[in-house]
Amino acid sequence: MLKCFSALFFALVFSQNAFCQGLDKIKTGAMKITAIANRHVMVSGAGGLTLGQNILLVRLNPDDDDYETIANGKVVRVKGQSAAVEIDMEKLKKQPLKTDVAVFLGAPKVFTEVNLKAHQEDTIPTLADIEELPPGYIWFQYLMDDGKLVSNSSNQANSFKNMGKIKRTGYNFEWFFDFVPHYGIGFESTSTVVPVRSYSRDAVDATVKHDSFKFMYRTKKYYNLRGIFSFKAATDSFATDNPDEYVISSTVKMNYLGAALDWEPGDLILIDKQAKFEFTFLRMQYSMGLLGTVSDGELIQRGTSSKASANELKIIASGTGYFPWMPWVHRYTLSFEYYQRSNTVSFSGPTRSEANNYAIPQDGNYGENESGLLISLGVRFDDVVGRIFKPKN
20 MLKCFSALFF ALVFSQNAFC QGLDKIKTGA MKITAIANRH VMVSGAGGLT LGQNILLVRL
80 NPDDDDYETI ANGKVVRVKG QSAAVEIDME KLKKQPLKTD VAVFLGAPKV FTEVNLKAHQ
140 EDTIPTLADI EELPPGYIWF QYLMDDGKLV SNSSNQANSF KNMGKIKRTG YNFEWFFDFV
200 PHYGIGFEST STVVPVRSYS RDAVDATVKH DSFKFMYRTK KYYNLRGIFS FKAATDSFAT
260 DNPDEYVISS TVKMNYLGAA LDWEPGDLIL IDKQAKFEFT FLRMQYSMGL LGTVSDGELI
320 QRGTSSKASA NELKIIASGT GYFPWMPWVH RYTLSFEYYQ RSNTVSFSGP TRSEANNYAI
380 PQDGNYGENE SGLLISLGVR FDDVVGRIFK PKN
């Protein structure tokens, strides 16, 4: 009787119409959990459920008369005799398992009998229904970039712009919205100061800076594979006080169309009862830069108008750690990225050169090839901001 009143008290917190079914009623009248993914579970024997109804998840001990409530949630999708239940993560006591059962909180209802000792495999293909809406998240990363750059030129302008070591630092911010979880945005910014050599071998500092904004769309996940399509607007600036044309200041503005394929065996929003680190995803990404322009500094110019194009290839491996004993932030990420990018530029119009009495030829062609390894440390959160705008039903 004490257990019955305990279950009643727990259920009333989440539903005014809750009732205590008792252990015997739970064993014969509960719904079976058939799939678990991220913050959702799929249950069978759910005919008659409607969106927004409250569900209680219960863990039974088949060897004695003991049971406990481990979580509660709401029905967010109904398909025939199956329903997807979104778990209230703030009130989660234990991570659900397929051996647990779900109890309907409302008026008494007849359900298919559950065999508690049945094997965990289930023939209902419902995991894909849960994965239709991937979880939204907010991801902050601190970036450490170690790269090199090689330039080529049809004349001596910018022909000394070769750097064997460019160490940049910065940040990346990525946000996939919980209320429209297939869409997201991203910001990235890195910068550093590197020494360059003039024609007379004098050392001159140069500031290298990259800023970009990205809009992304990610597909549903099939067999741990997911596609990501993106549009990125990027600005790369190279500013130096070098007085000759061998290394000159320039700003590149480029628009990129990108496509990536993710192998995603892990959970982006990882949750575990104990400390855990798992491999999250492996990404191969290709981006094509279109409609780009390059503008040189005031002192030396290779032309008054330009056309630029670019190509970028990235391979990214990322892991996620969940540490429940850490204060405030529990989910940390570690990522490694290898990249190669190249751009080609053609100039036209009058040129300007103030050093060495050298006149830069008009209609010159130029290019740069850059490669390197980028390491990032980050934290990833549930999208608590976007969840405010998510429809309740």
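To get our numbering, take the position in the sequence shown, counting from 1, and add 19.
Note that CB positions come from ideal geometry on N, CA and C, so glycine has one too.
Quick caveat: nothing in here was measured; it's all calculated off a predicted structure.
DSSP-derived helix/strand/coil call for residue i
{"i": "M108", "result": "helix"}
{"i": "D335", "result": "For clarity, residue 335 is Ile in the given sequence; the question names Asp instead. Strand."}
{"i": "R406", "result": "helix"}
{"i": "E140", "result": "Unreliable positioning characterises E140 in this predicted model, as indicated by a pLDDT of 46, which lies under 50. A coordinate reading is not provided."}
{"i": "F300", "result": "strand"}
{"i": "D148", "result": "For D148, the pLDDT reaches just 49, beneath the cut-off of 50, and the residue's location in the model is therefore unreliable, although a value from the coordinates is still provided. Reduced to three states, the DSSP call for D148 is helix."}
{"i": "R96", "result": "strand"}
{"i": "N261", "result": "coil"}
{"i": "K113", "result": "coil"}
{"i": "N376", "result": "coil"}
{"i": "V289", "result": "In the sequence under discussion, the amino acid at residue 289 is Leu, which differs from the Val named in the question. It is coil, neither helix nor strand."}
{"i": "Q381", "result": "coil"}
{"i": "T413", "result": "Any question about residue 413 goes unanswered here, given that the chain covers just 20 to 412."}
{"i": "S219", "result": "coil"}
{"i": "L310", "result": "strand"}
{"i": "L276", "result": "strand"}
{"i": "T254", "result": "strand"}
Anticipated Cβ contact below 8 Å, residue i with residue j, distance rounded
{"i": "F366", "j": "G322", "result": "3 Å"}
{"i": "V77", "j": "A49", "result": "7 Å"}
{"i": "Y202", "j": "Y241", "result": "Going by Cβ atoms, the distance from Y202 to Y241 rounds to 19 Å, so no, they are not a contact pair."}
{"i": "I52", "j": "D107", "result": "At roughly 16 Å, the Cβ-Cβ gap does not stay under 8 Å, so I52 and D107 are not in contact."}
{"i": "D315", "j": "S269", "result": "5 Å"}
{"i": "Q114", "j": "G64", "result": "With 8 Å as the limit, Q114 and G64 do not qualify as a contact, their Cβ atoms being about 22 Å apart."}
{"i": "L168", "j": "I157", "result": "At roughly 32 Å, the Cβ-Cβ gap does not stay under 8 Å, so L168 and I157 are not in contact."}
{"i": "G405", "j": "F196", "result": "4 Å"}
Close beta carbons around residue i, own chain, < 7 Å, minus the five adjacent residues each side
{"i": "N243", "result": "W282, E283 and P284"}
{"i": "V213", "result": "M182, I185, A225 and V227"}
{"i": "F408", "result": "F198"}
{"i": "N174", "result": "I379, P380 and G383"}
Element boundaries [beta strand (DSSP E), containing residue i]
{"i": "A225", "result": "A222 to R237"}
{"i": "W194", "result": "M182 to F195"}
{"i": "D164", "result": "Y156 to S172"}
{"i": "T209", "result": "Y202 to R216"}
{"i": "D401", "result": "N384 to D401"}
{"i": "R350", "result": "R350 to S367"}
{"i": "F123", "result": "V120 to F123"}
Sequence-distant residues of its chain with Cβ nearer than 6 Å to residue i (five each side left out)
{"i": "L392", "result": "D165 and Y357"}
{"i": "G205", "result": "E193 and K233"}
{"i": "S172", "result": "S178 and Y385"}
{"i": "R399", "result": "Y156, W158, R350 and T352"}
{"i": "Y275", "result": "K251, S306 and G308"}
{"i": "Q160", "result": "N191, S395 and G397"}
{"i": "Q293", "result": "none"}
{"i": "I89", "result": "L76, R78, K112 and K113"}
{"i": "E87", "result": "R78"}
Those residues which DSSP pairs with residue i across a bridge
{"i": "F179", "result": "F179 is not bridged to any residue."}
{"i": "N91", "result": "L75"}
{"i": "W282", "result": "L244 and L301"}
{"i": "V62", "result": "I52 and A102"}
{"i": "R371", "result": "Q320"}
{"i": "A294", "result": "Note: A294 sits in no beta bridge, so no partner."}
Test: residue i CB closer than 8 Å to a CB of chain D
{"i": "R237", "result": "Looking for chain D here will not work: only one protein chain is present."}
Sequence-distant residues of the same chain with beta carbon closer than 8 Å to residue i, five excluded per side
{"i": "G368", "result": "G322, T323, S324 and Q381"}
{"i": "G246", "result": "R237, T238, A278, A279, L280 and D281"}
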